[in-house]
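> Residue numbers (this note's numbering), protein chains in the order written: chain U, 1 to 313; chain E, 1 to 511. Virtual Cβ for every residue (Gly too), placed ideally from N, Cα, C. Pasting in a structure now, in structure tokens, and then I'll have a few things to ask.
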């Protein structure tokens, strides 16, 4: 099966600033891929590169089998794009906007459009410029879902929305998931954790890792080791142990390569006097916090970044 | 086609107020402008407020286009990365075509209809001048529409576009000021291809296509800036580049006898060299009297340009650039004339007390009479074939002139011979036959295919000589109905460059 999105050494520079640095990314067909990372990590730039809004400085990207630089015109019949800061036809009513977009798409589904309008409770006769931010996003969603696109690209779609609207949009999105691939960016981990199948973590334009959500969840564990007596942390801890710290008899760290028995043996070997060891599953938020904090602890030279990537992956 | 009409319909729905404003301004222009033609008729001058309104409309028509173009192009703007249409199935060719369709229907068609109406009001059948009208639209495209479209494609909003336009206007003004400082006046070779129009059309067209096809903003901006700057630098600041063009256009005759006119230095009691303050403070204008002879019957000679070389006994030499000569058309009966040129004041001061060798090189055009129309001057409008529609008009209470309208462009060069009456037209008719001759010139030998303008009717007055308007006002002369008026149209015979050497010439004292 061909991936829906594939990038090879994709890079983008703005003058001397490197926004995206040698990105290799694969989004399989049918995935709900969440690209996460702090503000300024390069998420929006990557999406704009994929959508041919920006031209790559180096490398390439294929979207639905098309070189992103050739992405134009009819190719967008199969792509739905919603962005938090995308301009809309502000002077039009919601109904007029949908009527305007409808003839562009041979696959526009009027029944689905009406269903989404009902589901999102959209006021058709209100002008877009008079809608709240949440309502505008709903209108954008309807105009990008009604033609059943093969790929839905969302750039920070839930930023600044109240939880109710966010849940409504996610619900609408999940209903479309079986027939499409979804690629979205977000810096809010909690909102994407519930429905993403894949996740990629971006920092300073570089992808620190990219994998299935289940694999990621399996791989990370918060490890709490209770020792029989207080002792300092041993030197040369494994690179996959993130943020190790000790308080009295308790050693706490995040294991980024958890493998059941093998990890237990590894911990026992390093802490032979351990009275108790617990391996707790982590939320996505906890995982990313651990990653972010362990990276910020290092000075961001290239060598440190490489080391950090190796450690996490 | 479906997508083109769909985008077009959206723009029409969205911009109907702008369309209405533009149409209303164009309609007001077409309705009011003909009253402007009467301004030369003293008895029928329109109210001042109407005149001011007409001038305002002449400005408002392109301003309304500016607004319309900006709104239209910026609706799907090409600068930026947050536009809704970038990720919709827009095809750039169809988007561009939709925008062009809008301009054709709401900009070109209204002004075309307005121009047809103006021609009809002036007494010309519009369909007879269709090529000229279409060429006029091409010029409007090159000078107004396409540059505005190109600027709209490289800016993100009306405000930014306005700032850019104002910046460009300031730039052009600066270049013109600098150019006038560096190079005084330009003498252009007749029939020189209109490189500027071709350049504007091609660079603006290229920038628009680059933007719609690739959205390469900086490339498009560079395209818009670099070629015109290069062109201006070459044409304005390197005048020597046109010397070979002038030599080619005005070859030297094989012998003096072969020249279309014989010139000699001709001071006499009534014609003396003169010097006076030129328009610019640091320049002096010099008039040198010339005697004319040798113009063949049925011919006339037009003086186009002059170049002056002055050398002092000490070896100091000053050579002027080629400068145009205005209002110097000579008929066989003309015997005297002046050649005029300006020179820097410091050089004038340096040379004025020294005997000089002066060499005048004059670019001349010999023209040959073709059609002659002899008309007994009617009191109302009359038609002159291949020229236009004319009518006698009361220019001043004591002076009647001939006001003419020609369709689309200037008429061909023509002399207009009249017969002035020393007594008022109410005197007996027998006096009119023996009038004082007067000659006026109108038209252009190499008329522009179409001059730039929103108005398609060229209005001009013929002011024949010997009217006593300036020199003997107390004895006015009259152009009376029934007197003979002869329109002689001319065609190009040849162009030539002749030289005249004057020895021991003393620059006159400044008056």
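#1: Going by alpha carbons, who is nearest to residue 69 of chain U out of U:81, U:49, U:200?
#2: Since residue 74 of chain U meets chain E, which of its residues come closer than 7 Å, beta carbon to beta carbon?
#3: Please report whether the beta-carbon of residue 85 of chain U lies at a distance below 7 Å from any beta-carbon of chain E.
#4: Do we get a CB-CB distance below 7 Å when we pair residue 86 of chain E with the residues of chain U?
#5: In chain order, which continuous runs of the alpha helix (DSSP H) of length 4 or greater are located wholly inside the stretch 19-84 of chain E?
#6: Between residue 66 of chain U and chain E, is the shortest Cβ-Cβ distance under 7 Å, so that the two count as touching?
#7: Does the beta carbon of residue 229 of chain U fall short of 6 Å from some heavy atom of the ligand HEM?
#8: Under 7 Å between the Cβ atoms of residue 213 of chain U and residue 196 of chain U?
#9: Is residue 389 of chain E closer than 7 Å to residue 486 of chain E when the C-beta atoms are compared?
#10: Can residue 138 of chain U and residue 120 of chain U be called in contact, C-beta distance under 7 Å?
#11: Beta carbons nearer than 8 Å to chain U: which residues of the stretch 203-233 of chain E have them?
#12: In or out: residue 185 of chain U buried (at least 16 other Cβ within 10 Å) or exposed?
#13: Mind checking residue 355 of chain E: buried by the 16 CB within 10 Å criterion, or exposed?
#14: Which of the three DSSP states, helix, strand or coil, is assigned to residue 322 of chain E?
#15: Measuring straight from C-alpha to C-alpha, what distance separates residue 143 of chain E and residue 116 of chain U?
#16: Select from the stretch 183-207 of chain U all residues with a C-beta closer than 7 Å to any C-beta belonging to chain E, and list them in chain order.
#17: Tell me residue 6 of chain U's beta-bridge partners as DSSP assigns them.
#18: Label residue 4 of chain U either buried or exposed according to how many other C-beta atoms from any shown protein chain fall within 10 Å of its C-beta, with 16 as the threshold for buried.
#19: Cα separation between residue 592 of chain E and residue 502 of chain E?
#20: Got a sec? Which residues, its chain only, sit under 7 Å from residue 126 of chain U by beta carbon, not counting five neighbours each side?
#21: Pull up the distance between the alpha-carbon of residue 262 of chain E and that of residue 293 of chain E, whole angstroms please.
#22: Would DSSP call residue 233 of chain E helix, strand or coil?
#23: Run through chain U and tell me which residues come within less than 8 Å of residue 81 of chain E, C-beta to C-beta.
#24: Is the CB of residue 74 of chain E under 7 Å away from at least one CB in chain U?
#25: For a cutoff of 7 Å on Cβ pairs, would you count residue 163 of chain U as touching chain E?
#26: So residue 179 of chain U packs on residue 129 of chain U, CB below 8 Å; how close in whole Å?
#27: In this structure, how does DSSP classify residue 265 of chain U when only helix, strand and coil are distinguished?
#28: Taking its Cβ as the centre, do 16 or more other Cβ atoms sit within 10 Å of residue 366 of chain E, making it buried, or is it exposed?
#29: Can you tell me the Cα-Cα spacing of residue 274 of chain U and residue 82 of chain E, whole angstroms?
#30: Determine the burial state of residue 204 of chain E: buried for a count of at least 16 other Cβ atoms within 10 Å of its Cβ, exposed for fewer.
#31: CB-CB under 7 Å to residue 227 of chain E, same chain, minus the five flanking residues each way: which ones, in chain order?
#32: What does a CB cutoff of less than 6 Å around residue 23 of chain U pick up in its chain, not counting 5 residues either side in sequence?
#33: Looking at the unbroken beta strand (DSSP E) that takes in residue 299 of chain E, where does it start and where does it end?
#34: For residue 68 of chain E, which residues in the same chain have their Cβ closer than 6 Å to its Cβ, ignoring the five residues on either side in sequence?
#35: My output table needs one value for residue 304 of chain U: the three-state DSSP class, helix, strand or coil.
#36: Where DSSP assigns a beta bridge to residue 285 of chain E, which residues make up the other side?
Quick answer:
#1: For the purposes of this step, residue 69 of chain U is taken as the residue at position 69 of the first chain. Taking only the C-alpha atoms, the option nearest residue 69 of chain U is U:49.
#2: Along the first chain, one-based indexing puts residue 74 of chain U at 74. What residue 74 of chain U touches in chain E: 89.
#3: Walking along the first chain from the start, residue 85 of chain U turns up at place 85. Residue 85 of chain U counts as touching chain E.
#4: Locating residue 86 of chain E in the second chain gives position 86, where the first residue counts as 1. So yes, residue 86 of chain E belongs to the interface.
#5: Runs found: 48-75.
#6: Within the first chain, the letter at position 66 stands for residue 66 of chain U. Answer no: the Cβ-Cβ gap between residue 66 of chain U and chain E never drops below 7 Å.
#7: By its list of ligands, the structure shown contains no ligand whatsoever, and the ligand HEM lies outside what it can speak to.
#8: Indexing the first chain from 1 puts residue 213 of chain U at position 213. Indexing the first chain from 1 puts residue 196 of chain U at position 196. It is a contact, given that the beta carbons lie within the stated cut-off.
#9: Sequence index remark: in the second chain, residue 486 of chain E carries index 486 (1-based). Sequence index remark: in the second chain, residue 389 of chain E carries index 389 (1-based). Residue 486 of chain E is not a Cβ neighbour of residue 389 of chain E, given a cutoff of 7 Å.
#10: Position 138 of the first chain, counted from the start, is the residue given in the question as residue 138 of chain U. Position 120 of the first chain, counted from the start, is the residue given in the question as residue 120 of chain U. When the beta-carbon positions are compared, residue 138 of chain U and residue 120 of chain U come within less than 7 Å of each other.
#11: Within the stretch 203-233 of chain E, no residue places its CB atom closer than 8 Å to a CB of chain U.
#12: Locating residue 185 of chain U in the first chain gives position 185, counting from the first residue. Residue 185 of chain U should be labelled buried.
#13: Here residue 355 of chain E corresponds to residue number 355 of the second chain, with the count starting at 1. So residue 355 of chain E counts as exposed.
#14: Walking along the second chain from the start, residue 322 of chain E turns up at place 322. Correct three-state label for residue 322 of chain E: coil.
#15: The sequence position of residue 143 of chain E within the second chain is 143, counting from 1. The sequence position of residue 116 of chain U within the first chain is 116, counting from 1. Take the alpha-carbon of residue 143 of chain E and the one of residue 116 of chain U: they are about 50 Å apart.
#16: Flagged: no residues at all.
#17: Mapped onto the first chain, residue 6 of chain U falls at position 6. According to DSSP, which records beta bridges pairwise, residue 6 of chain U is partnered with U:26, U:62.
#18: Mapped onto the first chain, residue 4 of chain U falls at position 4. Residue 4 of chain U is buried by the Cβ-count criterion.
#19: Residue 592 of chain E is absent from the structure shown; chain E starts at 1 and stops at 511.
#20: Position 126 of the first chain, counted from the first residue, corresponds to residue 126 of chain U. Answer for residue 126 of chain U: 93, 94, listed in chain order.
#21: The residue labelled residue 262 of chain E in the question sits at position 262 within the second chain. The residue labelled residue 293 of chain E in the question sits at position 293 within the second chain. Cα to Cα, residue 262 of chain E sits roughly 5 Å from residue 293 of chain E.
#22: Walking along the second chain from the start, residue 233 of chain E turns up at place 233. Residue 233 of chain E falls in the helix class under three-state DSSP.
#23: Walking along the second chain from the start, residue 81 of chain E turns up at place 81. For residue 81 of chain E, the chain U residues whose C-beta falls within less than 8 Å of its own C-beta are 48, 53, 54, listed in chain order.
#24: Locating residue 74 of chain E in the second chain gives position 74, counting from the first residue. With 7 Å as the cut-off, residue 74 of chain E does not count as an interface residue toward chain U.
#25: Residue 163 of chain U sits at position 163 when you count from the first residue of the first chain. No, because no Cβ of chain E sits closer than 7 Å to the Cβ of residue 163 of chain U.
#26: Locating residue 179 of chain U in the first chain gives position 179, where the first residue counts as 1. Locating residue 129 of chain U in the first chain gives position 129, where the first residue counts as 1. Taking the Cβ atoms as the reference, residue 179 of chain U lies roughly 32 Å from residue 129 of chain U, outside the contact range of under 8 Å.
#27: In the first chain, counting from the first residue as 1, residue 265 of chain U sits at position 265. Three-state DSSP puts residue 265 of chain U in a helix.
#28: Position 366 of the second chain holds residue 366 of chain E. Buried, since its Cβ has 16 or more Cβ neighbours within 10 Å.
#29: Taking the first residue of the first chain as position 1, residue 274 of chain U is located at position 274. Taking the first residue of the second chain as position 1, residue 82 of chain E is located at position 82. Taking the straight line joining both Cα atoms gives about 57 Å.
#30: Position 204 of the second chain, counted from the start, is the residue given in the question as residue 204 of chain E. Residue 204 of chain E comes out buried.
#31: Looking up residue 227 of chain E in the second chain gives position 227. Excluding sequence neighbours, residue 227 of chain E sits near 199, 203.
#32: If you number the first chain from 1, residue 23 of chain U lands on position 23. Excluding positions up to five away in sequence, the list reads 7, 10, 207.
#33: In the second chain, counting from the first residue as 1, residue 299 of chain E sits at position 299. Note, residue 299 of chain E: beta strand (DSSP E), 299-311.
#34: As a position in the second chain, residue 68 of chain E is number 68, starting the count at 1. So the qualifying residues of the chain are 18, 22.
#35: Along the first chain, one-based indexing puts residue 304 of chain U at 304. For residue 304 of chain U, the predicted model reports a pLDDT of 40, less than 50, meaning its position is unreliable; a value from the coordinates is still stated below. Secondary structure of residue 304 of chain U (DSSP, three-state): helix.
#36: Position 285 of the second chain holds residue 285 of chain E. Residue 285 of chain E is bridged by DSSP to E:276, E:342.
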